[in-house]
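Right, one structure below, let's go through it.
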Amino acid sequence: MSVASEAYHLLNKAIYHYENENFEMAITLLDEAILLDPEIPEVHYWRGKVATHDLNQESLEVAIVELSEAIRLKPDYADAYFERGKVYIQKGEFEEAKKDLEKAIQLNPKLKEAYSLLAQIELISGNDEKAMKYLEKVSHQEGDDRYYYSLGKIFYNAGKYQLAIEQFNKTIEKNKYFVDAYVYKAHALANLGNYQEAIENLKKAIILVPEEISYFIDMAKYYFEIGKQKAKEGNNIEAAENFIKGLQIDYNLKIEKEYIPVIMKAVKELLENKNYKEALEMTDQLELILKEPEYAEFKEEFDKLKKEVMKSLPLKDKIVKFVMDIYTK
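Its first residue numbered 0, the sequence shown is counted upward by one per residue in numbering that gives the first Met the number 0.
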């Protein structure tokens, strides 16, 4: 077997190990191949791809060097331009990425993902129209999750929220673990006033990434918006329940003063309906809210309401409340 043949044999074995995620063996085989023949562009290309597996700055620099060498040896190497463009995106060097991706599609117009990545770069730059033009290049092909997500963001940024939701739905159909699709879909729904469905999508995002605090904060805000909607409809109990749900998630939120009487009315309606336990729970929540100095004007009215609630409670509930107050003070 010739030296070149042996080098290609090692390359093929390296590709096999790469595809099976055995990256250490892949790079070992590629190192052996490059010692045999350093002029094979595919060896440098795959060394670059293996390097991108580790997303630290040093590995990305190695990837740039290897992919650049592959391009030097094979100037029409579309895949190498494409991979180097992806590395530049990871490094945040979007202008360099754009040059490589444009060169990649010039050499191979069928590189669908390159159009999608170019669209993302234009989105980052706020160029929605250019992003749309890139995505139109693949609009007649079967889209992947990233394509639909990018298209959804374009519609979202343009304020076309229903169209955005349709694209985020397609994204999720392709990839049910695409967290940002749920998040953007939630915000699009909220912009259309559909806060309950927005909350349901944020819950799905939280299941996937439970440590992301911003999802909880947005959910709390949307509960507040539902509360305001219900208050306008005259549904005091549901309004109060949603305000409280929001506060239970993010107690830093502030209820506007105009909605304090809504909660008080809700307590009175619960008493009228003989829902004593819920009336008491809502009263306790309201008491916590009114501890803030800005709500001082409601203190006298609240004290009367609280007495009314305590007076209405069945004896057993009064005893339980009395005991709980002893242990919580």
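The C-beta atom is built at its ideal place from N, Cα and C for all residues, glycine as well.
Asked	Found
Mind checking which residues open and close the alpha helix (DSSP H) that includes Gly151?	Asp144 to Asn156
Thinking C-alpha only, which one of Asp144, Ser311, Asp127 and Ala118 is nearest Lys136?	Ala118
Are the segment 277-284 and the segment 250-257 touching by the rule of at least three beta carbon pairs closer than 8 Å?	no
Tell me the rounded alpha-carbon separation between Glu255 and Pro292.	13 Å
Given a cut-off of 9 Å on the beta-carbon distance, is the pair Gln190 and Gly158 in contact?	Residue identity check: residue 190 is Asn in the sequence provided, not Gln. Their beta carbons are under 9 Å apart, which means Asn190 touches Gly158 by this criterion.
Are the CB atoms of Leu116 and Gly84 within a distance shorter than 9 Å?	yes
What does the Cβ neighbour count give for Gly151, buried or exposed, with the cut at 16 atoms within 10 Å?	buried
Based on Cα-Cα distance, which residue from Tyr15, Gly91, Asn174 and Tyr44 lies nearest to Gln56?	Gly91
Is the segment 258-276 touching the segment 222-241, taking contact as three or more C-beta pairs under 8 Å?	yes
Closest to Leu35 by C-alpha separation, out of Ile63, Glu94, Val61 and Ser4, would be which residue?	Ser4
Kindly indicate which three-state DSSP category Leu191 falls into: helix, strand or coil?	coil
Output the distance between the C-alpha atoms of Ala77 and Ala13, rounded to the nearest integer angstrom.	21 Å
How many Å lie between Tyr87 and Ile33 at the Cα?	24 Å
In chain order, what residues of the same chain lie with their CB nearer than 8 Å to the CB of Leu207, ignoring the 5 residues before and after it?	Tyr176, Val178 and Tyr181
Helix, strand or coil, according to DSSP, for Tyr214 in the structure here?	helix
Report the residue from Lys109, Tyr155, Lys303 and Leu106 whose alpha carbon sits nearest the alpha carbon of Ala338.	One cannot answer for residue 338 here, as it falls past the ends of the chain, which runs 0 to 328.
Please confirm whether Gln246 and Met218 have their CB atoms less than 9 Å apart.	It should be pointed out that residue 246 corresponds to Leu in this sequence rather than to Gln. No; because the gap between Cβ atoms is not below 9 Å, this pair is not in contact.
According to DSSP, is Glu255 part of a helix, a strand, or is it coil?	coil
Could you tell me whether the Cβ atoms of Ala79 and Pro40 are closer together than 9 Å?	yes
Between the alpha carbons of Tyr275 and Ile164, how many angstroms are there, rounded?	42 Å
Give the secondary structure of Lys73 by DSSP, where H, G and I count as helix, E and B as strand, and everything else as coil.	coil
Rounded to whole angstroms, what's the CA-CA distance from Tyr114 to Leu106? Just pull it up for me.	13 Å
If you draw a straight line from the C-alpha of Lys102 to the C-alpha of Ile216, how long is it?	43 Å
Quick one: using the 10 Å Cβ neighbour count with 16 as the cut-off for buried, is Glu82 buried or exposed?	buried
Assuming Ile39 is part of the alpha helix (DSSP H), what are its boundary residues?	First-last for Ile39: undefined, no H or E at that position.
Excluding sequence positions up to five away, which residues of its chain have a Cβ less than 6 Å from the Cβ of Lys97?	Ile120
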